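Numbering-wise (the UniProt record's numbering), the sequence shown opens with residue 1 and increments by one. Note sheet for the following structure.
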Amino acid sequence: MKTAPESYENIYGELGISDDVNDLYQTYEEASQCSYIGSSMVVPRYELRSESVYESADGSASRQLSQKSDTFFEQGSIYLEPPKNLSLLFNQMSDMRYREIAVSAIERQEQIGSGQFGAVYKGLWHTSGMESNPFKANKPLLVAIKTLHDSSTIELKLTFLQEAAIMGQFSHPNVLRLLGIVSLTEPFMIVTELMHIELLKFVVVLRKSTLQRSQMYSLYLKLSREIASGMTYLSSKNFIHRDLAARNVLLAKDLTCRISDFGLSRQLRDEGDYYTSKGGKIPLKWTAPEAIFYQRYSEKSDVWSFGMTLYEIWSLGEKPWPGYSNEDVLQAYANSDVMDRPTGCPEGIFSVMLECWQINAEIRPSFQEISSMLATSDESFC
1 MKTAPESYEN IYGELGISDD VNDLYQTYEE ASQCSYIGSS MVVPRYELRS ESVYESADGS
61 ASRQLSQKSD TFFEQGSIYL EPPKNLSLLF NQMSDMRYRE IAVSAIERQE QIGSGQFGAV
121 YKGLWHTSGM ESNPFKANKP LLVAIKTLHD SSTIELKLTF LQEAAIMGQF SHPNVLRLLG
181 IVSLTEPFMI VTELMHIELL KFVVVLRKST LQRSQMYSLY LKLSREIASG MTYLSSKNFI
241 HRDLAARNVL LAKDLTCRIS DFGLSRQLRD EGDYYTSKGG KIPLKWTAPE AIFYQRYSEK
301 SDVWSFGMTL YEIWSLGEKP WPGYSNEDVL QAYANSDVMD RPTGCPEGIF SVMLECWQIN
361 AEIRPSFQEI SSMLATSDES FC
């Protein structure tokens, strides 16, 4: 059986997806080899917050980067819930040494997303703001910049920064990387690495690909394994995502998956995917029955959603429960019904989906077990 090529870089051109990454910009991997990144410092504690703190910022005030890791914060073993108070939240981010980026170092370019509370831009992080800038050729970083409207309430500002506080606790190849925040001026900004495309959009356009079936299956397996790996990491931190779906997984240039969407951004999504329950708006067709009916969230409810994400990948972008209304889905759950196998989906992959969709949450596999299931050779599935 033929396997997928080592590199999928040609797929973007084949599918008509633009490539913005070129020699004009450096990667974060290159940047992380430096002793520190210019134009940035540790997020100031609440009582010290002022734009004037930048006037005295020097190398000692700048965030020191580890030479052995791409993380810029003091990573803990267990996820810490962000405080529900703005002053305490700033202090937590300061204690964990999150990076505050000077607003003058951020250049917003084209808008790539918007919502009721703010917008997302593609842009540049100019890293040459300090005299001792260590970057070669002073190349900027291509980044994604999420902004909050100036007129936002204190409650929205808190929710917005809580998303950064969550994301900043994670460092894994399959989880979206927080680069820093802008919080000394408004609008507040969350700066992350720039991704190429949403997984959901990618699998939809893959319908046009001329890859051989064996290559397509190997690609789907790669994507499935990487999401499982990222979720294994998040669950090891005792973090529950609650909104795992193909729309919330992003792809880098090399088609590496990054799990995203840790807060306010889910409120900006298409309302059609969300259902209002007593516990608030939930993505019903991706959500486990115990979370829908009893608001019980756990690693095992994320496992259910992972099964739905597998369905999206292997059906080339079909939403779960096609043709079903929300009320129909609720009745299906009450009857312990499950979806049929997607056309062309291998039995081995469908069996993993069925394990994820066990009505009894306790007998669903853990993400560690799912990763082991998917680690077998491509031939065993295809």
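The C-beta atom is built at its ideal place from N, Cα and C for all residues, glycine as well. Being a predicted model, the structure only gives us computed values, none of them experimental.
Item to check | Cα-Cα separation, T376 to S229 | outcome: 14 angstroms
Next on the checklist: I need the straight-line Cα distance from F306 to A105, nearest angstrom please.
Outcome noted: For F306 and A105, the distance between alpha carbons rounds to 38 angstroms.
Item to check | Closest by C-alpha distance to G76, when choosing among M96, P82, P83, L48 | outcome: M96
Checklist entry - Taking buried to mean at least 16 other C-beta atoms within 10 Å of its own C-beta, is T147 buried or exposed? => result Its Cβ being crowded by 16 or more others within 10 Å, T147 is buried.
Item to check | Own chain partners of S56 with C-beta closer than 8 angstroms, once the 5 adjacent residues on each side are dropped | outcome: Because the pLDDT at S56 is just 48, under 50, the model does not fix this residue reliably, and the point stays unresolved.
Checklist entry - From which residue to which residue does the alpha helix (DSSP H) around Q358 run? => result That residue, Q358, is in no alpha helix (DSSP H); it is neither H nor E in DSSP.
Checklist entry - DSSP puts R258 in a beta bridge; with which residues? => result L250
Checklist entry - If you draw a straight line from the C-alpha of S218 to the C-alpha of R364, how long is it? => result 25 angstroms
Checklist entry - What residue range is occupied by the uninterrupted alpha helix (DSSP H) comprising G230? => result 213 to 236
Item to check | Start and end residues, beta strand (DSSP E) containing G168 | outcome: Premise fails: G168 is in no beta strand (DSSP E) and is neither H nor E.
Item to check | Beta-carbon separation (whole angstroms), V120 vs A144, contact threshold 8 angstroms | outcome: 6 angstroms
Checklist entry - Given I370, which residues of its chain have a CB within under 6 angstroms of its CB, disregarding the five upstream and five downstream residues? => result Sequence-distant partners of I370 (beyond 5 residues in either direction) whose C-beta falls short of 6 angstroms from its own C-beta, in its chain, are A228.
Checklist entry - Which whole-angstrom value is the C-beta distance of residue 398 and D243, which I expect to be below 8 angstroms? => result There is no way to answer for residue 398, as the model of the chain reaches only from 1 to 382.
Checklist entry - Between D23 and R177, what straight-line distance do the alpha-carbon atoms span, to the nearest angstrom? => result For D23, the pLDDT reaches just 49, beneath the cut-off of 50, and the residue's location in the model is therefore unreliable, although a value from the coordinates is still provided. Distance between the alpha carbons of D23 and R177 is about 21 angstroms.
Checklist entry - Under a three-way DSSP split, which group does I292 fall into? => result helix
Item to check | Spatial distance of residue 403 from M41 (CA atoms) | outcome: It is not possible to answer for residue 403, since the shown part of the chain is limited to 1 through 382.
Item to check | D378 versus S372: straight-line alpha-carbon distance, rounded | outcome: C-alpha separation (whole angstroms): 13 angstroms.
Checklist entry - Candidates N360, M339, I359: which alpha carbon is nearest F350's? => result Considering only alpha carbons, the answer is M339.
Item to check | Pick from L48, S214, G113, T127 that is closest to L88, judged by C-alpha positions | outcome: Closest by alpha carbon: L48.
Checklist entry - In or out: R258 buried (at least 16 other Cβ within 10 Å) or exposed? => result That one is buried.
Checklist entry - Does the separation of the CB atoms of L316 and R207 fall below 8 angstroms? => result Contact: yes.
Checklist entry - Quick one: is Q109 buried, meaning 16 or more other Cβ sit within 10 Å of its Cβ, or exposed? => result exposed
Item to check | When N174, M353, P320, W357 are compared against S336, the one with the closest alpha-carbon | outcome: W357
Item to check | Residue closest to V43, alpha-carbon to alpha-carbon, out of F188, G118, A291, G115 | outcome: F188
Checklist entry - If you check the beta carbons only, do F170 and L234 fall under 8 angstroms apart? => result Contact flag set, yes.
Checklist entry - Candidates L211, T159, E100, T343: which alpha carbon is nearest K84's? => result Cα-wise, what sits closest to K84 is T159.
Item to check | Pair within 8 angstroms by beta-carbon distance, E163 and F262 | outcome: yes
Item to check | Pick from T192, S152, F367, A332 that is closest to K122, judged by C-alpha positions | outcome: Per the Cα distances, T192.
Checklist entry - In angstroms, rounded to a whole number, what distance separates the CA positions of Q368 and D150? => result Computed Cα separation, rounded: 42 angstroms.
Checklist entry - Residues in its own chain within less than 6 angstroms of E299 by CB, not counting five upstream and five downstream? => result S235
Next on the checklist: Just list the residues that DSSP pairs R99 with in beta bridges.
Outcome noted: Looking at the DSSP assignment, R99 forms a beta bridge with V42.
Next on the checklist: Considering only the alpha carbon of each residue, which of V303, H196, Q212 lies closest to D254?
Outcome noted: H196
Next on the checklist: Could you pull the DSSP bridge partners for V175 from this structure?
Outcome noted: I259
Checklist entry - On the three-state DSSP scale, how would you describe W286? => result helix
Checklist entry - E226 to L250, Cα distance in whole Å? => result Rounded to whole angstroms, E226 to L250 spans 11 angstroms at the Cα level.
Checklist entry - In three-state DSSP terms, what is M130? => result Low confidence applies here, because M130 scores a pLDDT of 40, under 50, leaving its location unreliable; read the following figure in that light. In this structure, M130 counts as coil in the three-state DSSP scheme.
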